[in-house]
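Have a look at the structure below, then the notes.
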Amino acid sequence: MWNRVIQFVLHLFGWSSIVIMDRIGNLSAAWQKFTQDPHVAHAVYSMTILDGRTGSILFEHAKDIGLPPASSLKTITAAASLHYLGINYTYETLLQYSGEIDTVTGFLDGYIYIIGSGDPSLGSWRYDESITANTIIKKWIETIKKAGISKCRGIIGDTSRWNNTKTMIIDGWTWNDIGHWYGTGHSALNWRENEFTIEIQPGSSNNTSAHIIAIKNPPPRLKIINELMT
Numbered sequence: 029m030w031n032r033v034i035q036f037v038l039h040l041f042g043w044s045s046i047v048i049m050d051r052i053g054n055l056s057a058a059w060q061k062f063t064q065d066p067h068v069a070h071a072v073y074s075m076t077i078l079d080g081r082t083g084s085i086l087f088e089h090a091k092d093i094g095l096p097p098a099s100s101l102k103t104i105t106a107a108a109s110l111h112y113l114g115i116n117y118t119y120e121t122l123l124q125y126s127g128e129i130d131t132v133t134g135f136l137d138g139y140i141y142i143i144g145s146g147d148p149s150l151g152s153w154r155y156d157e158s159i160t161a162n163t164i165i166k167k168w169i170e171t172i173k174k175a176g177i178s179k180c181r182g183i184i185g186d187t188s189r190w191n192n193t194k195t196m197i198i199d200g201w202t203w204n205d206i207g208h209w210y211g212t213g214h215s216a217l218n219w220r221e222n223e224f225t226i227e228i229q230p231g232s233s234n235n236t237s238a239h240i241i242a243i244k245n246p247p248p249r250l251k252i253i254n255e256l257m258t
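Following this line, the structure appears as structure tokens:
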């Protein structure tokens, strides 16, 4: 009886190996076809597939080349977020203050704090009207006035929720991506997707200076040195 069970298990593992090898063979053929496509003749690409149980490499091509993950990594980060945070998770941005309020003058002898939790959509124009910058600022002002505050010592954006973040731009980020909307840095307190817009007008001819005609939503203390040429 046990001999039959053992034989069955061995046959089962052997059949599984055959199926895996067959799929790897199909993948190798598909990969070969992909690399021969003229559209990727000058591209750099890599792929690594691991066995989910053993961690052994089933297929690899140029696995040690460092490449930007592109949008394919969104599936992994989304799945990880769903697993660890749950389907009902929502970001929480807190508006708080410290100190005492003078009920006569409305002066807050302290600071107003905007405490972030990493919400990437705060103040964004891409989503519902309820979270756009103008709507949020209006709600904050109403809340501050309702608390009896008309003046304070200052407003502090609190990013301590991510206290291990030393810089918004992580090491290894592709320099060519940083200037695009999808390459902006992030922190515990994001605002308007951490970007601003510069509108540029070319000069009247080649080798003449290009002019900045508008800057939308600039950050405070922004200094621009314009060396652009047409």
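Count along the sequence shown starting at 1, add 28, and that's the number in my numbering.
Even for Gly, the Cβ is constructed at its ideal location relative to N, Cα and C.
Neighbourhood of residue i by C-beta, 7 angstroms cutoff - its chain only, sequence neighbours within 5 removed
i: Val-33; result: Its pLDDT being 40, under 50, Val-33 is placed unreliably in this model, and the value from its coordinates should be taken loosely. Around Val-33: no qualifying Cβ.
i: Lys-244; result: Phe-224 and Thr-225
i: Ser-44; result: Any answer about Ser-44 is weak, because its pLDDT of 46 lies below 50 and its placement is not dependable; what the coordinates show is given next. So no residue of the chain qualifies.
i: Thr-212; result: Glu-221, Asn-222 and Glu-223
i: Thr-76; result: Ile-85, Glu-88 and Lys-91
i: Pro-97; result: none
6 angstroms CB neighbourhood of residue i in its chain, flanking five on each side removed
i: Asp-137; result: Gly-127 and Glu-128
Reduced DSSP category for residue i - H, G, I as helix; E, B as strand; rest coil
i: Ala-238; result: coil
i: Arg-181; result: strand
i: Tyr-119; result: coil
i: Asp-205; result: helix
i: Ile-253; result: coil
i: Glu-157; result: helix
i: Leu-150; result: coil
i: Arg-63; result: It is Thr, not Arg, that sits at residue 63 in the sequence shown. Thr-63: helix per DSSP, three-state reduction.
i: Leu-217; result: coil
i: Leu-136; result: strand
i: Ile-197; result: coil
i: Ile-129; result: strand
Neighbour-count burial assignment, residue i, 16 or more Cβ in a 10 Å radius
i: Ile-52; result: exposed
i: Asn-218; result: buried
i: Trp-150; result: Position check: residue 150 holds Leu in this sequence, whereas Trp was assumed. Leu-150 comes out buried.
i: Thr-121; result: buried
i: Ile-115; result: exposed
i: Ala-216; result: buried
i: Pro-248; result: exposed
i: Asn-235; result: exposed
Close beta carbons around residue i, own chain, < 8 angstroms, minus the five adjacent residues each side
i: Ala-238; result: Ile-228, Gln-229, Pro-230, Gly-231, Asn-254, Leu-256, Met-257 and Thr-258
i: Ala-175; result: Tyr-125 and Ile-129
i: Ile-159; result: Ser-149, Leu-150, Gly-151 and Ser-152
i: Tyr-139; result: Tyr-125, Ser-126, Gly-127, Cys-180, Arg-181, Gly-182, Ile-183 and Ile-184
i: Ile-252; result: Ile-226, Ile-240 and Ile-243
i: Ser-233; result: Thr-258
i: Ser-56; result: Phe-87
i: Trp-59; result: Met-75, Phe-87 and His-89
DSSP bridge partner residues for residue i (one or two, in chain order)
i: Asp-186; result: Ile-143
i: Lys-244; result: Thr-225
i: Tyr-73; result: Note: Tyr-73 sits in no beta bridge, so no partner.
i: Glu-88; result: Thr-76
- Message: With three or more beta-carbon pairs closer than 8 angstroms as the criterion, would you say the region 184–192 touches the region 135–150?
- Response: Touching, per the Cβ criterion.
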